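In this text, residue positions in the sequence shown follow the working numbering: the first is 85, and each later residue adds one.
Even glycine gets a Cβ: it sits at the ideal position worked out from N, Cα and C.
Keep in mind the model is a prediction, meaning the values are calculated, not measured.
Take a look at the structure below.
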Amino acid sequence: MGSASINPDNKSLQVLFMASEAAPLVKVGGLGDVAGSLPQALRGLRPPFWQGPRLDVRLALPLHRVIKEKVALAEPVADFMLATPAGKQPVKVYLTHAANLPVYLVDGPPIAPDGRVYSADPLLDGEKYIFFSLAALEMTRHLDWKPDIIHANDWHTSAALYALGLRRRQEPFFESMRSLLTIHNLPFMGKDAEPAMAKYGLPRSPENRLPTWARQFPLPLGLQSADRINTVSPGYAKEITTPEFGCGLQDFIKTRQEVLTGILNGLDQVDWDPATDKALASRYDCANLSSKLPNKAALQNEFNLPVEADTPLLVMITRMDQQKGVDVAVNGLRVAADLNWQAIILGSGDPLLETSCRSLEAEFPDRVRAIIQFDVGLSRRMYAGGDILLMPSRYEPCGLAQMIAMRYGTVPLARATGGLRNTILDDPTLATSTGFLFDEAQPEAFADGLRRALYAYPDREVWESIQIRGMEQDFSWEKSAIAYAQLYVQLSGR
């Protein structure tokens, strides 16, 4: 792990980390995991791993209704009016803490009109997050703490960076602030926030390198304005400059390639630990892999599958949508029906994909189980009880399931895309492998990859070596935090 130069005056580097969600206060998707873990890890960086300035990272969140229900005590720290072309909007800011992390909770009329983190009405969401972005930026004028860096995440907070870019040309208070935008999922650009951008006085961009259609969407304007940009894996940083993954912005992103980088997300290695996981029938680690086997038998029993230790048990734990390649796996398993395997699929989402999984179970009643629900406890039992995790994503900016699977000694079979390519080592000789990759999001390519994995499976020495290498991978948040800290130092010029 690298380090930056020691900060001679010992002044902390102050970072406002803005997000729409952050565990444990509010979590809907993967962004909640990142925003809940990364700021904590950054604040915790210390020698000998980090020799740079102390990082005073603070989180800004909308005061969602679910947070109001969880947080009993929060200190009022700011009360001001946000100027808009249509008049002034009241803003109240409260300070609470998540462990040792200061959290600013931003409230105002647009924040919780329907009580949901992400509304069923995209126009409501658009106004909520444009208001939040601008209010959180303006908030910095009203605190006794001023950030050196604004770190925004996805479209929900990108408007803050666009506004910062406009304001620091005219207002000395903002002149020294620098900005970082992290892209977790490029296709979600905030297109339904376009009316709110106009309502809150954010003009269309005159940037002629941006496609005309994108010039009032928050995420493209964040990409235009940010001093630095990162995605959540090196692979995804390259992919978004291509037509397949660039969502129509690839040519513009290429013009910003010199400030674009990729940093892998981390994994909470305390929470996800097969040696201590209370959800498991049998706990284990690298030194006693045989204790993993009772978890497989328990899973086979739970779902009335034949209890066969030598039959590879495939597991897929996923959101059911096109991105995740559920159809690729379902049809790929049909192509590979001649091989010996059992499969358990857990997830919910697109009704058509749910139906396809149920149809696969009906077609192979002695081999397949489809559990159409969201169940964290069951997912843990599947990570521990499975032999192979299926992850046939069409694109995957980073991916978490493959990291958890490797931590639990379950070997991933994944499409070689984004963060999957960066986290899974596939050596044709198997000498350094931690999993298996296939190139095309097609059933035949999936089946070929599965065939390779199943041919390796009976050789217990080879298979256990693959498992152990995966379990020994360092996916810690500390490793990710050091990369972000180095980016902050570069941004600040420290």
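Buried or exposed by the 16-neighbour rule on C-beta atoms within 10 Å, applied to residue i
i, result
"residue 229", "exposed"
"residue 564", "buried"
"residue 402", "buried"
"residue 453", "buried"
"residue 510", "buried"
"residue 458", "exposed"
"residue 315", "buried"
"residue 289", "buried"
"residue 121", "buried"
"residue 424", "exposed"
"residue 308", "buried"
"residue 156", "exposed"
"residue 225", "exposed"
"residue 270", "buried"
"residue 380", "buried"
"residue 266", "buried"
"residue 573", "buried"
"residue 568", "buried"
"residue 312", "buried"
"residue 165", "exposed"
"residue 163", "exposed"
Residue i to residue j span [Cα, whole Å]
i, j, result
"residue 504", "residue 227", "41 Å"
"residue 304", "residue 274", "9 Å"
"residue 570", "residue 507", "21 Å"
"residue 502", "residue 484", "12 Å"
"residue 406", "residue 432", "12 Å"
"residue 89", "residue 139", "The predicted position of residue 89 is uncertain, since its pLDDT is 36 and thus under 50; a value taken from the coordinates is nonetheless stated next. Using only the alpha carbons, I get a separation of about 14 Å."
"residue 238", "residue 107", "16 Å"
"residue 256", "residue 242", "21 Å"
"residue 412", "residue 555", "27 Å"
"residue 263", "residue 441", "44 Å"
"residue 342", "residue 245", "18 Å"
Residue i - partner residues in DSSP beta bridges
i, result
"residue 522", "499"
"residue 452", "427"
"residue 163", "176"
"residue 403", "432"
"residue 335", "Paired residues: none, contrary to the question."
"residue 560", "351"
"residue 140", "98"
Backbone secondary structure at residue i - three-state DSSP
i, result
"residue 568", "helix"
"residue 393", "coil"
"residue 278", "helix"
"residue 148", "coil"
"residue 91", "Any reading at residue 91 needs caution, since the residue's pLDDT is 40, under 50, leaving its predicted position unreliable; the model's value is listed next. In the structure shown, residue 91 sits in coil (DSSP, three-state: anything other than H, G, I, E or B)."
"residue 346", "strand"
"residue 226", "coil"
"residue 237", "strand"
"residue 313", "strand"
"residue 411", "helix"
"residue 398", "strand"
"residue 439", "helix"
Whole beta strand (DSSP E) elements within the region 244-275, 3-residue minimum: With a minimum length of 3 residues, the continuous beta strand (DSSP E) runs that stay inside the region 244-275 are 262-267.
Whole beta strand (DSSP E) runs in the region 175-212 with 3 or more residues, listed along the chain? Taken in chain order, the unbroken stretches of beta strand (DSSP E) that lie wholly in the region 175-212 and span 3 residues or more are 185-191.
Could you tell me which uninterrupted alpha helix (DSSP H) segments, each at least 4 residues in length, are contained entirely in the region 102-136, listed from first to last along the chain? Within the region 102-136, the complete alpha helix (DSSP H) segments at least 4 residues long are 114-127, listed from N- to C-terminus.
Which runs of the beta strand (DSSP E) fall wholly inside the region 471-498 and span at least 3 residues, in chain order? Here the runs fully enclosed are 472-475.
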